[in-house]
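Protein chains in written order, with this note's numbering: chain A, 31 to 368; chain B, 31 to 368. C-beta: ideal position from N, C-alpha, C; glycine also.
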């Protein structure tokens with residue numbers, strides 16, 4: 031039998047653990063897996079594009095476990111009352127190839143994306159960062175705000191979305207968060223005085239959410255929304271002015287902000303900053319940019335964390351995803367009436 | 031909610047439909063999808079290899095539906111009482127990216143592989159073929175025998191496996207099949223007088239299950255077992271003597287029997303034989319070889335068939351694989367206590 035964590039059980043688990051603790055522990059798993067980066071079997075995700083969006087498979091493995099995530103990105107979905115991004119994933123045993131755990135990953139992706147952003151910011155933002163601007167208040171926004179509060183110590187968020195209803199939703203969800211919230215009337219206003227700027231918009235096109243003149247010295251930019259070919263948020267000048275950090279260059283050059291730049295545009299890999307092999311922020315004046323697109327190891331970490339977390343709890347069920355004939359070579363026997 | 035067809039329900043469905051009808055209808059879906067081959071988004075499967083085996087993801091899509099299969103291949107598994115191959119798959123809506131159906135595919139892969147083999151043989155074997163030799167009597171063997179009986183009119187099977195217990199299992203499962211079975215003492219004996227030779231062994235290595243001197247004129251070879259890098263069953267001389275038919279050359283050149291041959295070794299694509307764009311068998315003397323490795327469109331056809339088949343029946347359940355917040359942008363709201 032395969033363990034199954036559906037949406038209902040994941041919600042119950044996160045509520046039981048507490049979203050802040052969950053994000054914090056999850057970030058620990060992600061950090062540990064970045065630390066042992068060379069151990070992973072890595073490949074750019076496999077994308078199937080259509081006019082409406084993209085469906086992707088993101089596999090990775092270490093010597094013991096294999097994981098993959100199915101994820102879609104359909105910016106027009108919200109118009110039909112559907113989510114832009116949904117996901118699910120599986121963790122398997124490398125030695126037998128058998129799946130161990132199937133989980134919903136719509137919520138889990140939102141959690142791991144926020145945890146990864148905040149983790150990166152711990153290495154790249156100024157340690158005294160307290161104010162975060164956030165452009166784009168969709169499904170991912172509260173996860174980002176919460177993760178930055180817990181992991182980086184952000185106390186103030188300055189938020190902006192083209193749709194005022196999104197800001198209202200954000201404020202309502204964050205009312206008890208302990209964060210001071212300012213709803214700005216423009217991106218320009220939102221970024222004023224921010225130590226960290228998070229861009230997390232959803233349009234599938236080259237947008238200029240941030241232009242160079244909006245970015246002051248010492249800022250850390252957490253660029254989350256530019257994550258597929260043709261979808262960017264930052265003016266190229268910003269990328270030239272700051273230092274760019276990425277998860278997996280082979281994938282980010284296709285999907286990230288740096289798809290705007292030449293093939294040999296210099297980037298630093300986050301895992302090397304985490305292990306100390308590469309420098310993170312060098313001064314209080316430097317502009318740092320985390321050009322995040324989301325990588326398979328982060329989902330692997332999330333599935334690994336989830337699997338550890340649900341053992342011995344009631345937060346999973348078992349499903350008959352794998353046939354188990356008594357004699358493994360007698361699969362056909364299962365179909366015969368007794 | 032996503033429809034879920036587990037092992038239990040798939041078994042019940044196949045029993046209700048009848049395995050022969052199921053294979054026959056499934057072959058129809060596979061044939062129809064081969065016929066519209068250019069409509070599919072195709073890519074070689076994404077493999078993660080380990081010392082023990084391989085885990086693969088096999089995606090494909092047409093304009094309306096996206097499908098993928100997870101499948102492993104671990105030849106040593108049977109020693110632990112586990113199956114060599116297990117699988118599951120998902121069918122999704124291209125327009126929204128939402129998954130529609132999750133299904134076990136261990137049984138379904140065995141069914142679609144057999145249906146594809148027999149379908150190919152209808153175009154490639156001599157129409158008067160009645161005798162099939164089968165080397166390798168593992169989990170796939172009865173599916174192959176049944177499909178060839180139903181779809182090609184095979185009446186006699188001559189079988190061989192290095193393990194006599196496998197032959198015993200085969201005979202027991204096929205006792206009521208209407209097939210005349212001869213258990214041979216060697217591969218050489220099994221192939222005597224055969225119109226069709228099916229090789230479906232499981233070892234992950236270059237083997238010589240068939241050598242050139244065993245193959246007479248007019249034979250159709252259904253080479254199923256050679257399906258990953260380093261795993262072949264036929265002596266290269268056979269490939270040079272006959273004409274080789276493949277599913278998707280880009281994948282077969284990596285995984286099939288023709289991995290032994292130069293990059294430009296001539297092959298004919300099965301879909302073109304089915305549409306009439308390429309010639310199948312040219313004479314009663316020709317040796318034809320279906321170098322089958324299994325392609326994503328076949329799984330897509332199987333998932334599509336299954337989805338059609340279970341609607342309005344009790345042979346599926348619904349699982350909460352996708353979060354459904356009332357406001358799609360309010361994912362975070364799901365985590366908050368009410």
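Under the three-pair Cβ rule at 8 Å, the segment 219-234 of chain B counts as touching the segment 245-262 of chain B. In the DSSP assignment, residue 131 of chain A is bridged to A:33 and A:121. Taking one beta carbon from each stretch, the segment 90-107 of chain A and the segment 322-336 of chain A have 3 or more pairs nearer than 8 Å; the two touch.
Under the DSSP assignment, residue 62 of chain B falls in the alpha helix (DSSP H) whose first and last residues are 49-65. Residue pairing for residue 74 of chain B: DSSP places it in no beta bridge.
DSSP, reduced to helix, strand and coil, places residue 305 of chain B within a helical segment of the structure shown. Using beta-carbon distances, residue 343 of chain A does not count as an interface residue toward chain B, since no partner is under 8 Å. Non-local beta-carbon contacts of residue 273 of chain B in its own chain, meaning distances under 6 Å to residues more than five positions away in sequence, involve 318 in chain order. What residue 96 of chain B touches in chain A, judged by beta-carbon distance under 7 Å, is 78 and 85, going in chain order. By the CB criterion at 8 Å, residue 36 of chain B and residue 267 of chain A fall outside the cutoff. With a cutoff of 8 Å on beta-carbon distance, residue 55 of chain A and residue 353 of chain B are scored as not near each other. Assignment of residue 278 of chain B by DSSP, reduced to helix, strand and coil, places it in the coil class.
According to the DSSP secondary-structure assignment, residue 186 of chain A is paired through a beta bridge with A:161 and A:210.
Annotated three-state conformation of residue 82 of chain B is coil, per DSSP. Excluding the 5 residues flanking it on each side, residue 239 of chain A has same chain C-beta neighbours closer than 8 Å at 165, 166, 217, 229, 231, 255, 263 and 264, in chain order. Proximity to residue 193 of chain A across A:215, A:180 and A:175 peaks at A:215, based on C-alpha coordinates. Residue nearest to residue 178 of chain A within the set A:147, A:337 and A:362 is A:147 (criterion: CA-CA distance).
Bridge pairing for residue 258 of chain A: A:261 [DSSP].
Exclusion of the five residues before and after residue 203 of chain A leaves 172 as the residues of its chain whose Cβ lies within less than 6 Å of its Cβ. As a beta-bridge residue in DSSP terms, residue 227 of chain B pairs with B:163 and B:251. Under the three-pair Cβ rule at 8 Å, the segment 56-75 of chain B counts as touching the segment 291-307 of chain B.
Residue 131 of chain B and residue 174 of chain B have their alpha carbons spaced roughly 26 Å apart. The shortest C-alpha to C-alpha distance from residue 34 of chain B to any of B:161, B:361, B:355 and B:340 is the one to B:340.
A Cβ-Cβ contact shorter than 8 Å links residue 345 of chain B with residue 43 of chain B.
Counting the other CB atoms within 10 Å of its CB gives residue 195 of chain B a total below 16, which places it among the exposed residues. Rounded to the nearest angstrom, the gap between the Cα atoms of residue 139 of chain B and residue 117 of chain B is 7 Å. Taken through DSSP and simplified to helix, strand or coil, residue 143 of chain A comes out as helix. Chain order gives no chain A residues near residue 334 of chain B, where near means a beta carbon separation below 7 Å; the closest approach is about 16 Å.
The C-alpha of residue 219 of chain A lies about 27 Å from the C-alpha of residue 357 of chain B. Assigned with DSSP and collapsed to three states, residue 346 of chain B falls in coil, not helix or strand.
Residue 126 of chain A places its beta carbon less than 8 Å from that of residue 107 of chain B. For residue 364 of chain B, the closest C-alpha among the options A:32, A:40 and A:336 is that of A:40.
Here DSSP, grouped into helix, strand and coil, assigns residue 310 of chain B to coil.
Taking every protein chain shown into account, the CB of residue 109 of chain B has fewer than 16 other CB atoms within 10 angstroms, so this residue is exposed.
Residues of chain A with a Cβ closer than 7 Å to the Cβ of residue 142 of chain B do not exist; the shortest Cβ-Cβ separation is about 13 Å.
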